[in-house]
Amino acid sequence: MTGWQEEKTTALLILENGMRIEGRGLGATGHAVAEVCFNTAMTGYQEILTDLSYAGQIVTFTFPHIGNVGANDEDIETLENASGSGAVGCVLKADITNPSNYRSAKHLDAWLKEKGIIGIAGVDTRALTALIREEGLTNGVIAHAPDGVFDEEAIRNALAGFKGLEHADLAADVSTAKTYEWKQGRWVWNEGFSAIDNPKNHIVAIDYGAKANILRCLAHEDVTVTVVSASTPAKDILAFNPDGIFLSNGPGDPAATGEYAVGIVKELVDSGKPMFGICLGHQILALALGGKTVKMHQGHHGANHPVKDLTTGKVEITSMNHGFAVDADSLPAGINQTHISLFDQSNCGLAVEGKPIFSVQYHPEASPGPHDSHYLFKRFLDNVRSVKADA
């Protein structure tokens, strides 16, 4: 009879408060330091991990069964021309099971290795989520060593040297390095992504870390999308003579990105072109209009966030991913708050009086999440068509 053998620790998660969490490693090896957040979505782990808004973050999944439907090449939100990647790590409750889904092309563990994402399983994710909820977003370092040998001094030094996401311009790290056109529409069940033939409108999208499905939702409204980098001057954007301008989602502190982006957006607002912003794009638009942004206690990350559209009275369940928010009290006269979170009443949307310009804090394209807010893309294109008709 053999004696009891303790399970070998092959992964660590060390938080800035000194908490040391042991677990089983998966995905890429090595270590990565980042902000630790939690996401409450029950589906869409690939979309979450490849969302560039998660650059500089480690995602704790509150749903215990992650990886059970495998991985594929269609559920990736990082754009092919992006300069960076999304989440650097993930924290799981249960081990990844063998995939059971007809769309699965590979095991999630193999996919994580391929994407360079470090994972740790066997963690009490409920306790970690409660800690973040009570004490706020925290910095941490995640490490995976298959042999169980860690250089903890180097790991802790890396954590000590991490300055966090406040004052961090991460959009510059992930935005496209080149200008290109996008004509792919939404995914159709068992058919794949639709093609947009002979689009009638032209939108320029400023890429602060855009998700692929945002561009698909724009294209779906009979649009050719020209994607430009976050630092593209306003005169170059207007030289395309677009029918409208879109400000994308992205990672990091909006005030830091705003050091160069706000001036660009101010010029675009003055052009009179219809504009639509999502998440970081919403925050940068608010800054350009004279508002302020603040760091949130725990952020909003998930696919079950109730938002009220104050212009219609409609409540929609939305997908969210942000650690910063617009301070509604800072919005100047002529800038109306249009949406609020029903969790904490934080600002979730704005519109400019007398101009076809609006933005939202949440993700109407979903991926993952409900499709309650797809109407916003039509609202934007209705503005575009109205302005074109009046020209």
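Reading the sequence shown from the start, the letters are residues 1 to 391 in full-length UniProt numbering. From the three backbone atoms N, C-alpha and C, an ideal C-beta is built for every residue, glycine too.
Exposed is the label assigned to D329, since fewer than 16 other Cβ atoms lie within 10 Å of its Cβ. With a beta-carbon spacing of about 16 angstroms, H107 and I118 fall beyond the 8 angstroms limit used to define contacts. In this structure, G299 and S248 do not form a Cβ contact; the two beta carbons are roughly 18 angstroms apart against a cut-off of 8 angstroms. Annotation for Q345: no beta strand (DSSP E) segment contains it, and DSSP assigns it neither H nor E. Using a C-beta cut-off of 8 angstroms, the segment 117 to 132 makes contact with the segment 78 to 89, since at least three inter-stretch Cβ pairs fall below that distance. Residue environment analysis places Q345 among the exposed positions, since fewer than 16 neighbouring C-beta atoms fall within 10 angstroms of its C-beta.
By the Cβ-count criterion, W182 is buried, with 16 or more other Cβ atoms from all chains shown falling within 10 Å of its own Cβ.
Beta-bridge analysis with DSSP links W187 to F193.
CA-to-CA, the gap between A177 and V326 works out to about 28 angstroms.
Within the same chain, Cβ atoms closer than 6 angstroms to the Cβ of E316 are found at V307, D372 and S373, the five residues on either side in sequence being excluded. Judged by DSSP secondary structure, R385 falls within the alpha helix (DSSP H) whose first and last residues are Y375 to D390. Boundaries for P306: no alpha helix (DSSP H) harbours it, while the beta strand (DSSP E) harbouring it runs K292 to D309, taken from the DSSP string. In the three-state DSSP reduction, G323 falls in the strand class (E or B). DSSP, reduced to helix, strand and coil, places H220 within a helical segment of the structure shown. For the pair T257 and D169, the CB atoms are nearer than the 8 angstroms cut-off.
The three-state reading of DSSP puts S367 in coil, since its state is none of H, G, I, E or B. Just so you know, the alpha carbons of G70 and Y45 end up roughly 10 angstroms apart. A direct Cα-to-Cα measurement between S53 and K388 gives close to 32 angstroms. Taking all protein chains in view, the Cβ of M275 is crowded by 16 or more other Cβ atoms within 10 Å, so the residue is classified as buried.
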